[in-house]
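Visitor: Sending over a structure as structure tokens; questions will come in a sec.
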Amino acid sequence: MSNTWSPFQKPNPNRPSHHTNNSGTGFKNPWPSAEAPSWSELLKSNFPLSFYPNLGKKHPEIRDVQVVVPDWGAADLKKRGLERESCVVGTTLGHAGVVTELPLEGTVGEKGEKESFWIVFDPIFSTRAGPTQYTGPGRMKKSPCQASDLPGCDAVLISHNHYDHLDLSTIQAICKKFPKAKYFVPLGNKSWFSTLGIPSESIVELDWWDKREYSVQDFEYSTPESTSKETILRFTCVPSQHNSGRGALDQGQTLWCGWVIEQLLTSKDEAEFPTTQRKGAIYHAGDTGYRRTAKSDIICPVFKEIGEKYGPFDISFLPIWRGGSLGFLSNIGLRLSHKDIPSALHGSPADAIDMHKDVRSLNSVGIHFGTFVGSENESLEAILEFEEAREEANVLPLNEDTFDERGRAGVVDIGGSVAVRIKAHDVNTRN
47 MSNTWSPFQK PNPNRPSHHT NNSGTGFKNP WPSAEAPSWS ELLKSNFPLS FYPNLGKKHP
107 EIRDVQVVVP DWGAADLKKR GLERESCVVG TTLGHAGVVT ELPLEGTVGE KGEKESFWIV
167 FDPIFSTRAG PTQYTGPGRM KKSPCQASDL PGCDAVLISH NHYDHLDLST IQAICKKFPK
227 AKYFVPLGNK SWFSTLGIPS ESIVELDWWD KREYSVQDFE YSTPESTSKE TILRFTCVPS
287 QHNSGRGALD QGQTLWCGWV IEQLLTSKDE AEFPTTQRKG AIYHAGDTGY RRTAKSDIIC
347 PVFKEIGEKY GPFDISFLPI WRGGSLGFLS NIGLRLSHKD IPSALHGSPA DAIDMHKDVR
407 SLNSVGIHFG TFVGSENESL EAILEFEEAR EEANVLPLNE DTFDERGRAG VVDIGGSVAV
467 RIKAHDVNTR N
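Throughout the sequence shown, residue numbering follows our numbering, covering 47 to 477 in sequence.
Printed below as a string of structure tokens:
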């Protein structure tokens, strides 16, 4: 069904503002921050193409992004003197791909340790982001691993159906290695996963602000009968400012989103007035813009709303660069300035720092850069602007051992990990 507006279709007064029809098969960004720039704004913009300057020594944090074999946090845990059982560990897979390990409260493994819950976000292990392995933007940086190398996968979370975030061969490989994994997707994407033979009950399709709660037993983890707390995993689909489509004819027909994952502990001993504590909160923004244009003060309001509803987050993964379709320009030595092109659908590195503050992130990792690009200059430019914005906002670097309310932010190598200590929060009054 078309997602275009029709004068013969009577709007449903209860229809969400981001739906373009009554059937839930068309979607839009409902905020002024997503509106296209006017002709006058475009005419005021500078010419966006130039040659790249020498970026190599403009900041102490700027460096080439390396591809490393994942150790799933072992080195960072040792470096920071942290115990795995008290930390969320995030490992980047390149582009927007991330693996997180969350220790499950109340579970006991074979060696007496807590079991780990493994979440995979927007994975792509293929060499190209396209409908075939001969079309679409190619990797400049190889994948640090394959699906068969993942230490675990209980849940796969997809932000939208663009090829650089939803890759057929990658999902097929994960299905083969982890047949019991659950897939969490925004509206309109369930049918795509069903065609791969994934059972319907393993595909969870959600609209913005929808949430689902699961016990650890739902993922086949066991807890001792003597435990005094019930462990709940809550998945929430949250808005992002982007779009969708895998071709010219399906634009906006499936939803796009970010994801919030929380671990909640409820006391069994106080059944009448149970107390609930949150031990672990993760935010993945998917692919998103932040403001109407790079020079606009009109920003997307949902990030502050996410922070108010679900923050603070132990760790967040925030996009800091555009997609790879224009990478060929840097491949021939040209710089495409994101400050002089429409940018409502992709946030800048500075926007990512604003998102960090809005969602109340304690630790933020920059993603969505350095993989499907045309040259190393694009990676260096993204890191430089991210670090400059971080310093201007007085946010601590990600590798800093100290901590304060401003949080920390930075980037890691592709395949690199960051371990952060989980901070418990009372959630009795939380949404």
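We put the beta carbon where it would ideally sit given N, CA and C, even for glycine. All figures in this text were calculated on a predicted structure; none of them were measured in a lab.
Compare the Cα-Cα distances from residue 302 to each of 295, 249, 436 and 208 and report the closest residue.
Guide: Of the candidates 295, 249, 436 and 208, the one whose C-alpha sits nearest the C-alpha of residue 302 is 208.
Visitor: Kindly indicate which three-state DSSP category residue 179 falls into: helix, strand or coil?
Guide: In this structure, residue 179 counts as coil in the three-state DSSP scheme.
Visitor: Measure the C-alpha to C-alpha separation of residue 200 and residue 226 and round it to an integer number of angstroms.
Guide: Whole-angstrom Cα-Cα distance: 7 Å.
Visitor: Of the residues 419, 348 and 144, which one's Cα is nearest the Cα of residue 255?
Guide: Among 419, 348 and 144, the Cα nearest to that of residue 255 is on 348.
Visitor: Does the structure place the segment 175-193 close enough to the segment 259-267 that three or more beta carbon pairs sit under 8 Å?
Guide: Flag = no, the segment 259-267 and the segment 175-193 do not touch.
Visitor: Enumerate in chain order the residues of its own chain whose CB-to-CB distance from residue 404 is below 8 Å, with the five nearest sequence positions on each side excluded.
Guide: Around residue 404: 349, 350, 352 and 353.
Visitor: Thinking just about the alpha-carbon of each residue, which of 459, 169, 408 and 239 is nearest to the one in residue 300?
Guide: Among 459, 169, 408 and 239, the Cα nearest to that of residue 300 is on 239.
Visitor: Residue 472 bridges to which residues according to DSSP?
Guide: Per DSSP, 323.
Visitor: Consult DSSP for residue 218 and reduce its assignment to one of helix, strand or coil.
Guide: If DSSP states are grouped into helix, strand and coil, residue 218 belongs with the helices.
Visitor: Helix, strand or coil for residue 495? Go by DSSP, reduced to three states.
Guide: There is no way to answer for residue 495, as the model of the chain reaches only from 47 to 477.
Visitor: Here's the rule I'm using: 16 or more other beta-carbon atoms within 10 Å means buried, otherwise exposed. How should residue 190 be labelled?
Guide: Flag for residue 190 reads buried.
Visitor: Let me know the secondary structure DSSP gives residue 252 once reduced to three states.
Guide: Residue 252 falls in the strand class under three-state DSSP.
Visitor: Should residue 407 and residue 335 be called a contact, given that it needs their Cβ atoms to be closer than 8 Å?
Guide: The answer is no: Cβ separation not under 8 Å.
Visitor: Which word fits residue 440, buried or exposed, when buried means at least 16 other C-beta atoms lie within 10 angstroms of its C-beta?
Guide: Classification of residue 440: exposed, given that the 10 Å Cβ count is below 16.
Visitor: Determine the closest residue to residue 464 out of 284, 205, 437 and 130, with distance taken between C-alpha atoms.
Guide: With distances taken between Cα atoms, residue 464 lies closest to 130.
Visitor: Helix, strand or coil: which one does DSSP assign to residue 460?
Guide: Looking at residue 460 - three-state DSSP - the assignment turns out to be strand.
Visitor: Measure the alpha-carbon distance for residue 214 versus residue 170 and round it to whole angstroms.
Guide: Rounded to the nearest angstrom, the two C-alpha atoms are 9 Å apart.
Visitor: Where do the ends of the alpha helix (DSSP H) carrying residue 353 lie?
Guide: Where residue 353 is concerned, the enclosing alpha helix (DSSP H) stretches over 348-356.
Visitor: Just the Cα atoms here: how many angstroms apart are residue 114 and residue 394?
Guide: Distance between the alpha carbons of residue 114 and residue 394 is about 25 Å.
Visitor: Which same chain residues, not among the five before or five after residue 163, have their C-beta less than 6 Å away from its C-beta?
Guide: Hits under 6 Å: 148, 150 and 200.
Visitor: Ignoring anything shorter than 4 residues or poking outside the segment 385-458, list the alpha helix (DSSP H) runs there in chain order.
Guide: List check, alpha helix (DSSP H) in window: 395-404 and 422-438.
Visitor: Could you name the residues of the same chain whose beta carbon sits closer than 8 Å to that of residue 126, not counting the 5 residues immediately before and after it, in chain order?
Guide: Counting only Cβ-Cβ distances below 8 Å, and skipping sequence neighbours, we find 447 and 465.
Visitor: Do the CB positions of residue 289 and residue 442 come within less than 8 Å of each other?
Guide: No, the pair does not count as a contact, with Cβ atoms beyond the cut-off.
Visitor: CB-CB under 6 Å to residue 428, same chain, minus the five flanking residues each way: which ones, in chain order?
Guide: The answer, listed in chain order, is 366, 367, 395 and 415.
Visitor: Run through DSSP, which three-state label would residue 114 get?
Guide: Residue state, collapsed to three classes: coil.
Visitor: Can you give the Cα-Cα distance for residue 307 and residue 165, rounded to whole angstroms?
Guide: When rounded, the distance between both Cα atoms is 9 Å.
Visitor: For residue 154, which of helix, strand or coil comes out of DSSP?
Guide: Coil, per DSSP.
Visitor: Would you kindly work out how many angstroms separate the C-alpha atoms of residue 66 and residue 195, rounded to a whole number?
Guide: Those two C-alpha atoms are separated by around 41 Å.
Visitor: Roughly how many angstroms lie between the CA atoms of residue 155 and residue 212, to the nearest whole one?
Guide: In a straight line, the C-alpha of residue 155 is about 32 Å away from that of residue 212.
Visitor: Looking only at C-alpha atoms, which of 409, 64, 78 and 419 sits nearest to residue 468?
Guide: With distances taken between Cα atoms, residue 468 lies closest to 409.
Visitor: I need the boundaries of the alpha helix (DSSP H) containing residue 123, first residue and last residue.
Guide: Its alpha helix (DSSP H) spans residues 120-126.
Visitor: At which residues does the beta strand (DSSP E) containing residue 363 begin and terminate?
Guide: First-last of the beta strand (DSSP E) with residue 363: 361-365.
Visitor: Between residue 357 and the rest of its own chain, which residues show a CB-CB distance below 6 Å, the 5 nearest in sequence each way excluded?
Guide: So the list reads 405 and 406, once near-sequence residues are dropped.
Visitor: May I ask you to list the residues that DSSP assigns as paired with residue 208?
Guide: Paired residue(s): none; residue 208 is not in a bridge.
Visitor: Report buried or exposed for residue 61, applying the criterion of at least 16 other Cβ atoms within 10 angstroms of its Cβ.
Guide: Counting Cβ neighbours within 10 Å, residue 61 comes out exposed, since fewer than 16 surround it.
Visitor: Looking at the ligand COA, does it come within less than 7 Å of residue 390, judged from the CB to the closest heavy atom?
Guide: For the structure depicted, the ligand COA is absent and the ligand set is empty, with no information on it obtainable.
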